[in-house]
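Asker: Below are the structure tokens for one structure; questions will follow.
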Amino acid sequence: VCLTGGACGPLARRLDAGDTAGARASRERLRAIFGRSSCYVEVQRHLDREQERVLQGLVGLARAMRVPLVAANQPLHARPEGRQLADVFTCIREKTDLDHAGRRLAVNSERALRGGEVMAQRFGDLPDALAATGELALRLGFTLKDLGYRFPGFPLPPGQTPLAHLRELALRGVRTRYGAGPLAARARRQIAHELDVIGRLDLAGYFLIVWDLVEYCRANDILVQGRGSAANSAVCYALGITAVDPVGMELLFERFLSEARGEWPDIDLDLPSGTRREAVIQHVYRRYGRHGAGMTANVITYRGRSAAREVARALGLPRDLQDSLAGLVSAWGYQDPDELLTKHLAEAGVDPRQPRIRAFAALWTRIQDLPRHLGQHSGGMVIAAGRLDDVVPLEPATMPGRTVIQWDKDDCAGLGIIKVDLLGLGMMSVLQDTLAFVRETGAEVDLARLPPDDPAVYRSLQEADTIGVFQVESRAQMATLPRVRPERFYDLVVQVAIIRPGPIVGDMVHPYIRRRRGREPVTYPHPCLEPILRRTLGVPLFQEQLLRMAMAAAGFSAVEAEELRRAFGFKRSERRMGEVEAKLRAGMARQGIGGRAAEEIVHAITSFALYGFPECVVGETRVIDADTGRWVAIEDVVRGRARIEHTLACDADMKLRKRRVLGATSSGRRMVYRVRTALGREIVATAEHPLLTMDGWRALAGLRIGDHIAAADSDLCWDRVAAIEPVGERETFDLSIEGDHNFLANDLVVHNSHASSFALIAYASAYLKVHHPAAFCAALLNNQPMGFYHPATIVKDAQRHGQRVLPVDVTRSEWLCTLESVEGAGYAVRLGLRYVRGLRENAARAIVSARAARQFASVQDLAFRAGLARDELETLAAIGALAPLGATRRASLWAAAVPPPGPLFEEPGAPDGEPSPLREMTPVERLVADYEGTGVTLGRHPMALRRAALARRRVLSARELAAAAHGTPVRVAGSVIVRQRPGTAKGFVFLTLEDETGIANVIVTPP
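Per the working numbering, the sequence shown starts with residue 4, numbered consecutively.
What follows is the structure, given as structure tokens:
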């Protein structure tokens, strides 16, 4: 079916230009392509006089040619009031402002969605056009449920089916992985079960294709490891896709794949960042074709300062005012527009009564989180049989050699399109580079065969000696490691799982730590749960355990247990939760479990489902409507008296973010408590309701007077608990918030397969740091930026461990850091030229190339042959990189200031000119020059220069602080290497200080 289009269609354009013959010719061409009965002349009415004139011409043309009319609309915005924002989008797209956009702007607000009644009134004089609209609406019914997507076939050996080939590979892997060990029989039974499910779901080809990608990586010396719920699969482990033994770890396959879930499996592959990962992506394109594979998209939205600039520019505000407004908005957040205007704009000296300023405030708020453009997903790839553009829209990516589909990962999942995630992980690059350096030294390390119980590795973990170690280098990890004191791999799995970059679920973590330290007895809700909870000392830390608890205590099948988890997940409904909880209680009753034990089990399982904010609060609790800035009572939302589509949640970076509200439900009458804070805030909620504390999420029942909890100002701040009192039984309510960006969901310990995969990488990085420190340090420096710490901290940490680090040297340094053999002292790390600030990469490589021909005779010889700019030469001189050419830093600076001779007068090997009259740098000047030129210093730590003065003031070093008794008042000082300010100036500030002896963590309390 073809419609001829509105004002921009070929017929309307020609009629508007007076070219009736051209319009007829266009109509004939379309009729020849689509047929007389399937080509409609489209007419629109937007109450525009010029459009009406063209419409009459279109009607006359259709009547004369005896072709059908169809009444249509051209909606550019959903509601009439959307015209203002549509005009702003037009100005942004056309790079103009409202005063100069002219006819490019909408004539009126009529290009909104119109209902049938309005359309019937508009086209009452053209009943045949209206009838055609209704007819086409019926004919063109379309659903995205079946797009004809098919996963590509895998090339098989002759006479084999995909499932038979997968079974053969899996059983071969079982022999390799388990041999004749005690787990071999269990592993074979588990694989038989998994293959049965895979076969019924017709997914054998998918597993073979992922296995093929892993085999490509191994054949090309590219580290690869699967993670996520795929680590729950024994088939994935046998195929070598994952490195975690799910049989030995007692992981539940149904968390990864089951017939009841109705979802495709999700296998994430971690790869080294950069060129190695790109090689794998290009392998996929080569294997399946440029039109057979594509990266999924990310929807980039309008946000914050950039949105403020674009809106202000569209409104024609002066450039200096654009800058001022952009500087203001980061502190606004989502607030009541009137408060925003009076409080922030007026304080900034901007007149809030000015019409364009009011328009700016309203439009900036409305444009937040609306789509701006498409970007590439970090690693999601879709592969199809045949041409992918038969199923999804494609476009070439800005990055050469890539194709992007115009849908994001959630679109693909919802439409049944399988995605493989090829994720770049910086630590994988570090591990790969470390192994290469180790081979240079003549040694070999096989990450698959590391000793799992190396005492030196666990000693370093227990001492929180983890700068640069994957997943356990944050200040929170360093604070917890000496308390958990991991002694074996499973301890490390727990350690990785319980501390995330954001907050932790403290109500479960703290009992675990107390029990591990012997300060609390290990107990179990019921004896049948001891085998499940023994390894975590009676405290459920992983969702795997919760599912198995339901299976053991209530007789659930694995599929039923997964149903339970999903029923209490972020898309839960009150009715569904009630049904599943009743089923859980009935199952426990059949097993003879009741009373307190049953309540503890129900509480443990349901507490893992705290995915929304707020959870079980009273009706007058207010939540913010992030689209309007209004505060809304949660009961009004549940009762239908108010509507809210988005509210705010706390992201992993401790920032308030706009998130979609999935549902609002009544949670019944429950006992509630009132929490009041020192600054006058209060909330009334159930004892289970989690609040964000400085130690992570903690249930209200676990709070104490004096604890600090997170509150919202313009961002997050910390407020002290002043009172907690019982209120009695009240009706309670709940919001369900968008799942994988919800601040509770992000930081909940969801399942330990993910943690196990990361724990393997954490152990490998700790092992390499302990046993191959030079190689690990060089690799870590070559892959910056990554992790928590600046290269200067990495270098000082290496030096404190006795590792020698050599300075940048134009006669020895490569572009990247390298290893150099030091007689009698093993290997040293040589800093690479990439660390010289302002030095172009091509200039650095020219230095390496020129010295390969012959060594440099002088500073001028270097400058001439490498083609260095004067500022580059001066930086090299200031940091001492020219010292091997026979001059001090100041002498090198003096030589660098002399203009190089032209090529006619160049004397190869000529020494530099007259000696420098400048005095040599002092230690402090050298230190400053090092930091300015490279960001690191290999000399004394800045704090060492002040140690004597600090000692007179009884300031402890980091080493002395570690030995100080708990509760002792102390003074500390150091260079700030990490600064975290979770809230505003009223909130706490978390500092990590470094001195010449180590690092110390400091909490700065608000005044």
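C-beta atoms are modelled at their ideal positions from N, C-alpha and C, and glycine is treated no differently. Quick caveat, the model's predicted, so the values are computed rather than measured.
Measure the C-alpha to C-alpha separation of Ile1006 and Gly970 and round it to an integer number of angstroms.
Answerer: Residue 1006 sits at position 1003 when you count from the first residue of the sequence shown. Residue 970 sits at position 967 when you count from the first residue of the sequence shown. One C-alpha to the other measures close to 14 angstroms.
Asker: Please state whether DSSP places His711 in a helix, a strand or coil.
Answerer: Along the sequence shown, one-based indexing puts residue 711 at 708. Reduced to three states, the DSSP call for His711 is strand.
Asker: What residue ranges within the stretch 396-436 form continuous beta strand (DSSP E) runs of no fewer than 3 residues, ordered along the chain?
Answerer: 397-399, 406-411 and 422-428
Asker: In chain order, what residues of the same chain lie with their CB nearer than 6 angstroms to the CB of Ala15, ignoring the 5 residues before and after it?
Answerer: Here residue 15 corresponds to residue number 12 of the sequence shown, with the count starting at 1. Closer than 6 angstroms at the Cβ level, and outside the excluded window around Ala15, lie Val57.
Asker: Specify the secondary structure class of Gln548 as computed by DSSP and reduced to three states.
Answerer: Within the sequence shown, the letter at position 545 stands for residue 548. DSSP places Gln548 in helix when its eight states are reduced to three.
Asker: To which residues of the same chain is Leu18 closer than 8 angstroms at the C-beta, ignoring the five residues directly before and after it?
Answerer: If you number the sequence shown from 1, residue 18 lands on position 15. Ala26, Val57, Gly60, Leu61 and Leu64, listed in sequence order.
Asker: Quick check: what's the CA-CA separation for Val4 versus Phe37?
Answerer: Here residue 4 refers to the residue found at position 1 when the sequence shown is read from its first residue. Here residue 37 refers to the residue found at position 34 when the sequence shown is read from its first residue. Those two C-alpha atoms are separated by around 7 angstroms.
Asker: For Asn786, which residues in the same chain have their Cβ closer than 6 angstroms to its Cβ, ignoring the five residues on either side in sequence?
Answerer: Your numbering for residue 786 matches position 783 in the sequence shown. For Asn786, where only same-chain residues beyond five positions count, the Cβ hits under 6 angstroms are Gly429, Ser432 and Val433.
Asker: Measure the C-alpha to C-alpha separation of Pro485 and Ala81 and round it to an integer number of angstroms.
Answerer: Position 482 of the sequence shown, counting from 1, holds the residue named residue 485. Position 78 of the sequence shown, counting from 1, holds the residue named residue 81. Each residue's Cα considered, the two are about 57 angstroms apart.
Asker: Express the C-alpha separation of Trp410 and Leu377 in angstroms, rounding to a whole number.
Answerer: Numbered from its first residue, the sequence shown carries residue 377 at position 374. Numbered from its first residue, the sequence shown carries residue 410 at position 407. Each residue's Cα considered, the two are about 9 angstroms apart.
Asker: Report yes or no: do three or more beta-carbon pairs, one from the stretch 303-322 and one from the stretch 362-374, lie closer than 8 angstroms?
Answerer: A contact exists between the stretch 303-322 and the stretch 362-374.
Asker: Relative to the alpha-carbon of Ile727, which residue among Ile604, Tyr240, Arg679 and Tyr766 has its alpha-carbon at the smallest distance?
Answerer: For this step, residue 727 is matched to residue 724 along the sequence shown. For the residues Ile604, Tyr240, Arg679 and Tyr766, the minimum Cα distance to Ile727 belongs to Arg679.
Asker: Pro887 to Asp414, Cα distance in whole Å?
Answerer: The sequence position of residue 887 within the sequence shown is 884, counting from 1. The sequence position of residue 414 within the sequence shown is 411, counting from 1. When rounded, the distance between both Cα atoms is 60 angstroms.
Asker: Which value, in whole angstroms, describes the spacing of the CA atoms of Gln858 and Ala467?
Answerer: As a working mapping, residue 858 is identified with position 855 in the sequence shown. As a working mapping, residue 467 is identified with position 464 in the sequence shown. Their backbone Cα atoms lie some 45 angstroms apart in a straight line.
Asker: Pull up the distance between the alpha-carbon of Ala334 and that of Arg308, whole angstroms please.
Answerer: Along the sequence shown, one-based indexing puts residue 334 at 331. Along the sequence shown, one-based indexing puts residue 308 at 305. Below a pLDDT of 50, predicted positions are generally treated as unreliable, and Ala334, at 43, falls in that range; no measurement from the model is reported.
Asker: Kindly indicate the opening and closing residues of the alpha helix (DSSP H) around Leu211.
Answerer: Stepping through the sequence shown from its first residue, residue 211 is reached at position 208. Counting along the chain, the alpha helix (DSSP H) containing Leu211 begins and ends at Ala207 to Ala222.
Asker: For Pro543, is the classification buried or exposed, using 16 other Cβ atoms within 10 angstroms of its Cβ as the cut-off for buried?
Answerer: Against the sequence shown, residue 543 aligns to sequence position 540. Under this definition Pro543 is a buried residue.
Asker: Sort out for me which residues DSSP pairs Leu994 with in a bridge.
Answerer: In the sequence shown, counting from the first residue as 1, residue 994 sits at position 991. Paired residues: Arg982 and Val1005.
Asker: With a threshold of 6 angstroms on Cβ separation, who are the neighbours of Ala913 within its own chain once the five nearest residues in sequence on each side are excluded?
Answerer: Here the question's residue 913 lines up with position 910 in the sequence shown. Any reading at Ala913 needs caution, since the residue's pLDDT is 46, under 50, leaving its predicted position unreliable; the model's value is listed next. Result list for Ala913: empty, nothing under 6 angstroms.
Asker: So for Val931, helix, strand or coil by DSSP?
Answerer: Taking the first residue of the sequence shown as 1, we reach residue 931 at position 928. In this structure, Val931 counts as helix in the three-state DSSP scheme.
Asker: Evaluate Val73 with the Cβ neighbour count: other Cβ atoms within 10 Å of its Cβ, from every protein chain shown; 16 or more gives buried, anything less gives exposed.
Answerer: Here residue 73 corresponds to residue number 70 of the sequence shown, with the count starting at 1. Residue burial annotation: Val73 is buried, with at least 16 other C-beta atoms found within 10 angstroms of its C-beta.
Asker: Tell me the DSSP secondary structure of Thr987 in three-state form.
Answerer: The count along the sequence shown starts at 1 and reaches residue 987 at position 984. With a pLDDT of 37 at Thr987, under the threshold of 50, the predicted position of this residue should be treated as unreliable, and no value is reported.
Asker: Could you have a look at Met924 and say whether DSSP puts it in helix, strand or coil?
Answerer: The sequence position of residue 924 within the sequence shown is 921, counting from 1. Correct three-state label for Met924: coil.
Asker: Curious, which full-length beta strand (DSSP E) runs of at least 3 residues does the stretch 285-315 contain?
Answerer: Complete beta strand (DSSP E) runs here, min 3: 296-304.
Asker: Among Val200, His711 and Ala585, whose alpha-carbon lies nearest the alpha-carbon of Val724?
Answerer: As a first step, residue 724 must be located in the sequence shown, where it is residue number 721. With distances taken between Cα atoms, Val724 lies closest to His711.
Asker: Which of the three DSSP states is assigned to Ser560 in this structure?
Answerer: Residue mapping note: residue 560 aligns to position 557 of the sequence shown, counting from 1. Of the three classes helix, strand and coil, the one that applies to Ser560 here is coil, per DSSP.
Asker: Rounded to whole angstroms, what is the Cα-Cα separation between Ala954 and Thr437?
Answerer: Residue 954 sits at position 951 when you count from the first residue of the sequence shown. Residue 437 sits at position 434 when you count from the first residue of the sequence shown. Spanning the alpha carbons of Ala954 and Thr437 requires a straight line of approximately 39 angstroms.
Asker: For Pro358, count neighbouring Cβ atoms within 10 angstroms of its own Cβ and tell me buried if that reaches 16, exposed if not.
Answerer: Position 355 of the sequence shown, counted from the start, is the residue given in the question as residue 358. Exposed, because fewer than 16 other Cβ atoms sit within 10 Å of the Cβ of Pro358.
Asker: Is the beta carbon of Phe256 less than 8 angstroms from the beta carbon of Glu197?
Answerer: As a position in the sequence shown, residue 256 is number 253, starting the count at 1. As a position in the sequence shown, residue 197 is number 194, starting the count at 1. It is a contact, given that the beta carbons lie within the stated cut-off.
Asker: Can Phe492 and Pro534 be called in contact, C-beta distance under 8 angstroms?
Answerer: To locate residue 492, count along the sequence shown from 1; it is residue 489. To locate residue 534, count along the sequence shown from 1; it is residue 531. No; because the gap between Cβ atoms is not below 8 angstroms, this pair is not in contact.
Asker: Between Thr278 and Gly883, what straight-line distance do the alpha-carbon atoms span, to the nearest angstrom?
Answerer: Position 275 of the sequence shown, counted from the start, is the residue given in the question as residue 278. Position 880 of the sequence shown, counted from the start, is the residue given in the question as residue 883. Cα-Cα distance, rounded: 32 angstroms.
Asker: Could you please give me the residues that DSSP links to His376 through a beta bridge?
Answerer: Here residue 376 corresponds to residue number 373 of the sequence shown, with the count starting at 1. Per DSSP, Ile303.
Asker: So does the stretch 169-179 actually touch the stretch 441-454, counting three or more Cβ pairs closer than 8 angstroms?
Answerer: no
Asker: Go to Val839, then tell me how far its alpha helix (DSSP H) extends in each direction, as first and last residue.
Answerer: Stepping through the sequence shown from its first residue, residue 839 is reached at position 836. Premise fails: Val839 is in no alpha helix (DSSP H) and is neither H nor E.
Asker: What's the gap between the Cα of Arg361 and the Cα of Ala349?
Answerer: Numbered from 1 along the sequence shown, position 358 holds the residue referred to as residue 361. Numbered from 1 along the sequence shown, position 346 holds the residue referred to as residue 349. In a straight line, the C-alpha of Arg361 is about 12 angstroms away from that of Ala349.
Asker: Inspect the CB distances between the stretch 376-395 and the stretch 281-295 and report whether three or more fall short of 8 angstroms.
Answerer: yes
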